[in-house]
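Here is the structure we will look at.
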Amino acid sequence: MGKKFLRFEFLLLFAVFIIATCGLIYELVAGTLASYLLGDSVKQFSFIIGVYLFSMGIGSFFSKFFHKNLLNTFVEIEILVGLIGGLSSVLLFMLFESVAYFQFILYLLVFVTGFLVGLEIPLLMNILKDKVEFKDLVSNVFTFDYIGALLASILFPLILVPKLGIMGTSLFFGMINVSIAIALCFLLNKELKRSYFLKAKAIFSFVVLLTVFLFSDSILSYSEGKLYGENIIYTNSTPYQRIVLTHNKSDYRLYLNNNLQFSSADEYRYHEALVHPAMSIAKSVKHVLVLGGGDGLAVREILKYKQVEKVTLVDLDEGMTKLFKTNKVLTDFNKGSLNNPKVTVINTDAYIWAKTCTEKFDVAIIDFPDPSNYSLGKLYSLNFYQTLKNILQPDAAVVIQTTSPYFAPKSFWCINKTVMQVFPQVDAYHAYVPSFGEWGYTIAINGFGSTFNQVNRKADKLKFYNYQFDRFNYFTTDMISNEIEINRLDNQILVRYFDEEWGKL
1 MGKKFLRFEF LLLFAVFIIA TCGLIYELVA GTLASYLLGD SVKQFSFIIG VYLFSMGIGS
61 FFSKFFHKNL LNTFVEIEIL VGLIGGLSSV LLFMLFESVA YFQFILYLLV FVTGFLVGLE
121 IPLLMNILKD KVEFKDLVSN VFTFDYIGAL LASILFPLIL VPKLGIMGTS LFFGMINVSI
181 AIALCFLLNK ELKRSYFLKA KAIFSFVVLL TVFLFSDSIL SYSEGKLYGE NIIYTNSTPY
241 QRIVLTHNKS DYRLYLNNNL QFSSADEYRY HEALVHPAMS IAKSVKHVLV LGGGDGLAVR
301 EILKYKQVEK VTLVDLDEGM TKLFKTNKVL TDFNKGSLNN PKVTVINTDA YIWAKTCTEK
361 FDVAIIDFPD PSNYSLGKLY SLNFYQTLKN ILQPDAAVVI QTTSPYFAPK SFWCINKTVM
421 QVFPQVDAYH AYVPSFGEWG YTIAINGFGS TFNQVNRKAD KLKFYNYQFD RFNYFTTDMI
481 SNEIEINRLD NQILVRYFDE EWGKL
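With the UniProt record's numbering, the residue at position 366 of the sequence shown is 366, and numbering never jumps.
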């Protein structure tokens, strides 16, 4: 009898572990999808986690109204969590372009999942309250619950998203949830009432999830085709982002997490304006640093100068740089720059790398993604620019992409003002890129006396930048913002500016 009960207790505790793991996976999927589809990643993740925890509390409250057939109810919750959570990503992808109340559906799914997960711990404790000493029961239940949450938080970014993708991850864990329900139906057959009915529901739910999982690539292609409205020719999920390459007539477009990274029709405008002002005024360009820019397009422009001896590119995402080293379409765009023997590619966090770097650079080209969250915001902080200055030659030139001065003037001038606290000579300029509108840059000189109009060298065959800096340096009144703060690590004001300004669009 004792061994039988231990098996009974272990099975239920293991079910709690699975529900905790899967429940958090579903919310991580929802948060990732929300930031991917809606932008505003900081707010979306914060709201989703808040709604999830709140709904768990509501579920725990309502568990006191369940008095009969608790074990059956527990198994049914396992089935429902697997079915609803597993299909949630499919529903969100399919409905994003179709319904006006998408956010309502998003938070409803989060609430329902959290409510069901919140029910399970109190139900389990009621099932076992007369069979296990209270202190042992509480300790065991919460131990399994929290270990499950830890496992989910580790597996999701490191293994699941890179291997299965967002949709595949939720469906896979939905099947795990339902598999546990099926196992409970068979192993606890005598303890359950009308177990045959539960078995039928569990098996049916598993078949539904498995079928959708097998066709998930087709579903994702269909939903992304509706989302982008273009022919998708390449997709890949890395631990850091979703990469989508589309083709429409003669135009190729790269999207990272649903945000346009470049259009082949006009990317030369952006990259020529980014690279050539700094390269033309620097005293030397022998050793150039590129932070971000894993597409190799900035490196392509740098290599137009024969004086360049070495380029070091630091980009977090190995999946991104590998794609632009190997994909024939993309290597045509960057002229095979990342495979050039002068170029060294380092895949790591630029913030950490800069603190330990012992080399000195003549030019730094900073092409980070926009500061849409705190992990990116730190790369635009006063602390980071101080670190950057330490790895530059005394007469180095620096340029930073600084978002749009028209759509986000507070964000633009916040970065500029922050850079001014570190470098002795700082200026700003902008260029019109049809795919993005007016786009801005901050340029700085690390100590030598010069003007930004001085030209020490030129590259051949530029299509846009004409080495007349002052023609890019004029800002109209609607691109000016004066009441701004410096972006520090302890305030991350830039992320708030960015959310506020781009959120309106």
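We put the beta carbon where it would ideally sit given N, CA and C, even for glycine. Just so it is clear, the structure is predicted and the values come from calculations on it, not from any experiment.
Cβ of VAL299 within 8 Å of Cβ of SER263? The Cβ atoms of VAL299 and SER263 lie no closer than 8 Å to each other.
Roughly how many whole angstroms lie between the Cα atoms of LEU432 and GLU438? Before going on, a small fix: residue 432 reads as Tyr here, not Leu. When rounded, the distance between both Cα atoms is 4 Å.
Given a cut-off of 8 Å on the beta-carbon distance, is the pair LEU83 and GLY168 in contact? Contact check for LEU83 against GLY168 fails: the beta carbons are separated by 8 Å or more.
Residue interval of the beta strand (DSSP E) (run including SER237): Note, SER237: beta strand (DSSP E), 231–237.
Inside the stretch 372–455 only - alpha helix (DSSP H) runs reaching at least 4 residues: With a minimum length of 4 residues, the continuous alpha helix (DSSP H) runs that stay inside the stretch 372–455 are 374–377, 382–390 and 409–420.
Look at the alpha carbon of LEU28 and the alpha carbon of GLY449, and state the distance between them as a whole number of angstroms. So the two alpha carbons sit approximately 51 Å from each other.
THR402 and GLY440 look like a contact to me (Cβ under 8 Å); what is the Cβ gap, rounded to whole Å? Between THR402 and GLY440 the beta-carbon gap is near 5 Å, inside 8 Å, which marks them as a contact.
Top-ranked residue by Cα proximity to VAL75, from ALA408, VAL178 and LYS360: For the residues ALA408, VAL178 and LYS360, the minimum Cα distance to VAL75 belongs to VAL178.
Compute the Euclidean distance between the alpha carbons of PHE186 and ILE203, then round it to the nearest angstrom. Roughly 11 Å separates the two Cα atoms.
DSSP-derived helix/strand/coil call for MET1: Model confidence at MET1 stands at a pLDDT of 43, short of 50, so the residue's coordinates are unreliable; what they give is reported in the following sentence. In the structure shown, the three-state DSSP call for MET1 is coil.
Out of ALA408, GLY319 and ASP460, state which residue places its alpha-carbon closest to the alpha-carbon of LYS504. Considering only alpha carbons, the answer is ALA408.
Within the 8 Å Cβ cut-off, does GLY85 reach chain B? Absent from the structure: chain B. Only one protein chain is present.
Sequence-distant residues of its chain with Cβ nearer than 6 Å to SER60 (five each side left out): Annotation for SER60: GLY118 and PRO122 place their beta carbon closer than 6 Å to its own, counting only its chain and skipping 5 residues before and after.
Out of curiosity, what's the CA-to-CA distance linking ASP315 and THR238? Roughly 13 Å between the two C-alpha positions.
Buried or exposed: TYR351, going by 16 or more other Cβ atoms within 10 Å of its Cβ? Buried, because 16 or more other Cβ atoms sit within 10 Å of the Cβ of TYR351.
Terminal residues of the beta strand (DSSP E) in which LYS461 lies: In the DSSP assignment, LYS461 falls outside any beta strand (DSSP E), carrying neither H nor E.
Whole angstroms are fine: how far does the CA of LEU297 sit from the CA of LEU254? Taking the straight line from one Cα to the other gives about 12 Å.
Give me the residue from LEU313, PHE206, GLU133 and PHE197 with the minimum Cα distance to PHE368. Minimum Cα distance to PHE368 is reached at LEU313.
State the Cα-Cα distance for the pair SER221 and GLU267, rounded to the nearest angstrom. Between SER221 and GLU267, the C-alpha separation is close to 26 Å.
Using DSSP's beta-bridge definition, name the partner residues of ILE243. Within the DSSP secondary-structure output, ILE243 pairs in a beta bridge with ASN236 and LEU256.
Burial state of PHE469, where buried means 16 or more other Cβ atoms lie within 10 Å: Classified as buried, PHE469 has 16 or more neighbouring CB atoms from the shown chains inside 10 Å of its CB.
For SER284, I'd like the list of residues in its chain whose CB is within less than 6 Å of its CB, leaving aside the five on either flank, ordered along the chain. Answer for SER284: ASP362, listed in chain order.
Please list the terminal residues of the continuous beta strand (DSSP E) segment that includes LEU489. Segment: none, LEU489 is in no beta strand (DSSP E) and carries neither H nor E.
List the endpoints of the continuous beta strand (DSSP E) containing GLY292. Counting along the chain, the beta strand (DSSP E) containing GLY292 begins and ends at 287–292.
Hey, how far is the Cα of ALA15 from the Cα of ILE243? C-alpha separation (whole angstroms): 35 Å.
For GLY319 versus ASN236, is the C-beta spacing smaller than 8 Å? Yes, these two residues count as a Cβ contact at 8 Å.
For ILE166, which residues in the same chain have their Cβ closer than 8 Å to its Cβ, ignoring the five residues on either side in sequence? Sequence-distant partners of ILE166 (beyond 5 residues in either direction) whose C-beta falls short of 8 Å from its own C-beta, in its chain, are VAL29, THR32, LEU33, TYR36, SER89, SER237 and ARG242.
Enumerate, from N- to C-terminal direction, the unbroken beta strand (DSSP E) stretches of 3 or more residues contained entirely within the stretch 128–153. No beta strand (DSSP E) of 3 residues or more sits fully in the stretch 128–153.
Taking the alpha-carbon positions, what's the THR321 to PRO371 distance? The alpha-carbon separation between THR321 and PRO371 amounts to approximately 20 Å.
Contact check, GLU272 vs GLU309, beta carbons under 8 Å: Going by C-beta atoms, GLU272 is not nearer than 8 Å to GLU309.
Please list, in chain order, all residues of the same chain as LEU245 whose beta carbon is under 6 Å from its beta carbon, the five residues on each side excluded. The residues are ILE233, TYR234 and LEU254.
Would VAL288 and VAL311 be called neighbours here (beta carbons separated by less than 8 Å)? Contact annotation: VAL288 and VAL311 have beta-carbon atoms nearer than 8 Å.
Taking the CB atoms as reference points, tell me whether LEU116 and ILE176 lie closer together than 8 Å. In this structure, ILE176 does not lie closer than 8 Å to LEU116 by Cβ.
Excluding the 5 residues flanking GLU224 on each side, which residues of the same chain have their C-beta closer than 6 Å to its C-beta? Listed in chain order, the non-local C-beta contacts of GLU224 below 6 Å within the same chain comprise ILE232, local neighbours out to five positions each way being set aside.
Residues of its chain near ASN416, where Cβ-Cβ distance is below 6 Å and the 5 sequence neighbours each way are ignored: Within its own chain, the residues whose Cβ lies closer than 6 Å to the Cβ of ASN416, once the five positions on either side in sequence are excluded, are ALA428 and THR442, listed in chain order.
Starting from LYS310, follow its DSSP beta bridges and name the residues at the other end. HIS287, per the DSSP bridge assignment.
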